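Student: Here the sequence shown is numbered in my numbering, starting from 3 and rising by one per residue. All C-beta atoms in this analysis are idealised placements derived from N, C-alpha and C, irrespective of residue type, glycine included. As the structure is a prediction and not an experimental result, all values here were calculated from the model.
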Amino acid sequence: MEDDAPEFMEIHEIVIQKLGHVPIVKGDFHMLPKKVQKFLAKWVYTCKPRALYICDGSHAEAEEVTHKLIERGVLTKLKKYENCYLCRTDPADVARVESKTWIATDDKYETVPHVRQGVRGILGQWKHTKEMEEEVNSDLDGCMAGRTMYVIPFSMGPIGGPLSKIGVQLTDSNYVLLCMRIMTRVSADIWEVLGDNDFVRCVHSMGCPRPVQRKVVNHWPCNPDKIMIGHFPARREIVSFGSGYGGNSLLGKKCFALRIASVIARDEGWLAEHMLIMGLTNEKTGEEKFVCAAFPSACGKTNLAMIQPTIPGYKVRVVGDDIAWLRFDDKGVLRAINPENGFLGVLPGTNMKTNPNAMLSFQNISIFTNVAETADGGVFWEGMEDEIDKNIAITNWLGQPWKIGMPGNAAHPNSRFTCPASQCPIIHPKWEDPKGVPVSALIFGGRRPTGVPLVFESYSWQHGVMVGACVKSESTAAAEHTGKKIMHDPMAMRPFMGYNFGKYLQHWLDMEKPDRNMPKSFHVNWFRVDEHGKFLWPGFGDNVRVLDWVLRRCAGDESIAVKSPIGYLPKKGSIDLTGLGDIKWDELFSLPKHYWLDDMRESKLFLEDQVGTDFPQVIWETHAQEKRIEEQL
Ligand code: OXD
Ligand code: MN
């Protein structure tokens, strides 16, 4: 490990001695675990902050930081709610930047698969460790000049839990600190739990040292031209530069809980996935089942996790809305924890009809980023038209006067709320159970306007891995992609892979063992449209009807499924459609032969191009899907 190399030891010793020159405005450096001291010393030496602030996660700290942010104009208090704030970023810093996200290893093929010659790989971006280090050292040299470096101890998962992991994030943004306090568990107790153990090293800078070189917009100093999000899985380190937005800067989320955690999971025999976790209790029997669902970014994981059922019989409770860490226990049961502490949800489209539980979650302690503001101190975004006073004046996310019906958007399409998960009215009482909850089904899905039925079940675990590998979806505003193109997003993990995707698929296959209770797996699509572009399925609360079918399948009901060339489909009429009016079942479940042949060939080509020799052939061999479609459809 780099930390133990003699020359680094020397540098650390010197810097530790020299730290006296960097005032510590809060906390006691000497009380920190030695490994943390070294980590800190190294980055103080590189980033050259004006002061050090060691966070303790206390309420007083939140008050102090919030007050500072309001004073400086970064946050505006929203007087319509309790402890809620609006933040407008620099409009050049509004989404995750996948093109500037890198995984650094010495061996390229540890990170990315062997793509077919001439093909540009899209399953992760690799840089050699040395090259990445040089870039990091040059970008971060003096990057915090004139600014305070905050030291944030945090836990992903309940503090001290057997499935939890600890991180320490350094940042020069107190907006990031405030969001980290919501999204992760920040506490001084971390130092004790950590002891001599290792932790994930997270370094974040807005990349805007003083005196500033670039005009600061909206009090949001950033460096959009030089954004760089680098991961060093071997030494469990993340360095993010230039952006303060969501997944770019809240390093516990995508960078740690998915990219670095997927590498840890590979090494330790578990899975770190882009999945929601929810519990459904059958109100008649009292039996509860948990499901996890993997959909690409901004495809409705938060809405599904917080669903308000439109049919009687189920009580739904949310455990997590974005990330699941999954591990088989010693009884062979797959258990899931939500490593996060809060929700960072997309706002446009969210309202009291589509997701009342989300709306009720952010009435208190919440940060709204890049939404519009109403003159009475409330918030507004596309989809809230029926929920505000029609005559109220609105200011859009850019700070300009706005009226409903004007061209463009009031809120940025990737505007977000950040709120503690505990505020959700249907948060599961066991959402922080350190052992996790037992999982009965895994569900994949995406936005597929044509061809793909509402739901189907894979034949087996192995087939489920193939179905997951073939996930595609229309692009959304969560990252920098523009337009509505259908993109491959295998396992909903394309932007979040921490290592070679072929090896990752093999790791999934290796999860299957005779003494394990393998969950069933499914694929859903709420977004199929008819020839006029109208959705064939109402979605939202009605999706519980599909979950009901899924759970009946998990309970072993053979009578409700028919075998098809792509998996098991619901037998006609086996999904409860009571009260829905005219649902075009045949269209919703049709499998157009040409579509599926093209789709299968295209997916196969994609995986052969992108994963090449790393693709576990057994998946193709066992599941001659193309042949089945050719012969049986
Ligand atoms: C997210 C994302 O923020 O997937 O959760 O982009
Ligand atoms: Mn996500």
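1) Checking contacts by CB at 8 Å: is L282 closer than that to chain D?
2) Is G248 near the ligand PLP - that is, is its Cβ less than 7 Å away from at least one heavy atom of it?
3) Within the continuous alpha helix (DSSP H) that includes R630, where are the two ends?
4) If you scan the segment 431-471 from start to end, which runs of the alpha helix (DSSP H) of 4 or more residues do you find wholly inside it?
5) Give me the Cα-Cα distance between I313 and T78, rounded to the nearest whole angstrom.
6) Which class does V38 belong to by DSSP, given the choice of helix, strand or coil?
7) Measuring from the CB of S299, is there a heavy atom of the ligand OXD at a distance below 7 Å?
8) Within a Cβ cutoff of 7 Å, which residues of the same chain sit near K50, ignoring the five residues on either side of it in sequence?
9) Could you have a look at L252 and say whether DSSP puts it in helix, strand or coil?
10) Would you mind reading off the limits of the alpha helix (DSSP H) that contains C556?
11) Excluding sequence positions up to five away, which residues of its chain have a Cβ less than 8 Å from the Cβ of K129?
12) If we ignore side chains and look at the alpha-carbon of each, how far apart do E389 and G169 end up?
13) G558 to M308, Cα distance in whole Å?
14) Which word fits T68, buried or exposed, when buried means at least 16 other C-beta atoms lie within 10 angstroms of its C-beta?
15) Note down the Cα distance separating K82 from F364, rounded to an integer number of angstroms.
16) For the ligand MN, any of its heavy atoms closer than 7 Å to the Cβ of H276?
17) Per DSSP, which residues does W104 bridge with? Please list them.
18) Taking the CB atoms as reference points, tell me whether R530 and R603 lie closer together than 8 Å.
19) Any idea if N393 is buried or exposed, counting beta-carbon neighbours within 10 angstroms, 16 or more meaning buried?
20) What is the C-beta distance between N357 and T304, in whole angstroms, given that I count them as a contact (C-beta under 8 Å)?
21) Within 7 Å: the Cβ of D324 and any heavy atom of the ligand MN?
22) Could you say which of R630, T624, G581, V613 lies nearest to H596 if we only look at CA atoms?
23) Quick one: is G271 buried, meaning 16 or more other Cβ sit within 10 Å of its Cβ, or exposed?
24) Between V76, C224, D550, N85, which lies nearest to G380 when the distance is taken from Cα to Cα?
25) Tell me which residues share the same chain as E459 and place their Cβ nearer than 7 Å to its Cβ, disregarding the 5 neighbours each side in the sequence.
26) Considering only residues of the segment 110-173, which uninterrupted beta strand (DSSP E) runs meet the minimum length of 3 residues and lie entirely inside it, listed in chain order?
27) Please report the residue range of the alpha helix (DSSP H) in which N359 lies.
28) For V24 and Q171, I'd like the C-alpha separation in whole angstroms.
29) Is there at least one non-hydrogen atom of the ligand OXD closer than 7 Å to the beta-carbon of R496?
30) Just list the residues that DSSP pairs L88 with in beta bridges.
31) Rounded to the nearest angstrom, what separates V526 and G447 at their Cα positions?
32) For P350, which residues in the same chain have their Cβ closer than 7 Å to its Cβ, ignoring the five residues on either side in sequence?
33) Hey, P35 and D200: beta-carbon distance below 8 Å or not?
34) Sorted by chain position, which residues of the same chain lie with C-beta nearer than 7 Å to K432's C-beta, five sequence neighbours on each side aside?
35) Take M230 as the anchor and find which of E135, K487, W510 has the nearest alpha-carbon.
36) Rounded to the nearest angstrom, how far is the Cβ of L125 from that of Q612, given a contact under 8 Å?
Tutor: On the basis of the supplied data:
1) Absence of chain D from the displayed structure is noted, only one protein chain being present.
2) Among the ligands modelled here, namely the ligand OXD and the ligand MN, the ligand PLP does not occur.
3) Element bounds for R630: 627-634.
4) With a minimum length of 4 residues, the continuous alpha helix (DSSP H) runs that stay inside the segment 431-471 are 463-471.
5) A direct Cα-to-Cα measurement between I313 and T78 gives close to 40 Å.
6) helix
7) yes
8) G144, M146, A147
9) coil
10) 546-556
11) Correct list, in chain order: W104, I105, A106, E137, G232.
12) 40 Å
13) Cα to Cα, the separation comes out at about 26 Å.
14) buried
15) 12 Å
16) Yes.
17) G232
18) no
19) Within 10 angstroms of the beta-carbon of N393 lie fewer than 16 other beta-carbons, which makes it exposed.
20) At roughly 7 Å, the Cβ-Cβ gap stays under 8 Å, so N357 and T304 are in contact.
21) yes
22) R630
23) exposed
24) The shortest Cα separation from G380 among V76, C224, D550, N85 belongs to N85.
25) K522, F524, R555, A563, G569, Y570
26) 128-130, 150-158, 167-173
27) 358-363
28) 18 Å
29) no
30) T78, F370
31) 5 Å
32) Listed in chain order, the non-local C-beta contacts of P350 below 7 Å within the same chain comprise W383, E384, G385, A413, P415, S417, local neighbours out to five positions each way being set aside.
33) Between P35 and D200, the C-beta spacing is not below 8 Å.
34) The beta carbon of K432 lies closer than 7 Å to those of V439 in the same chain, with the five residues before and after it left out.
35) E135
36) In this structure L125 is in contact with Q612, their Cβ atoms being roughly 5 Å apart against a cut-off of 8 Å.
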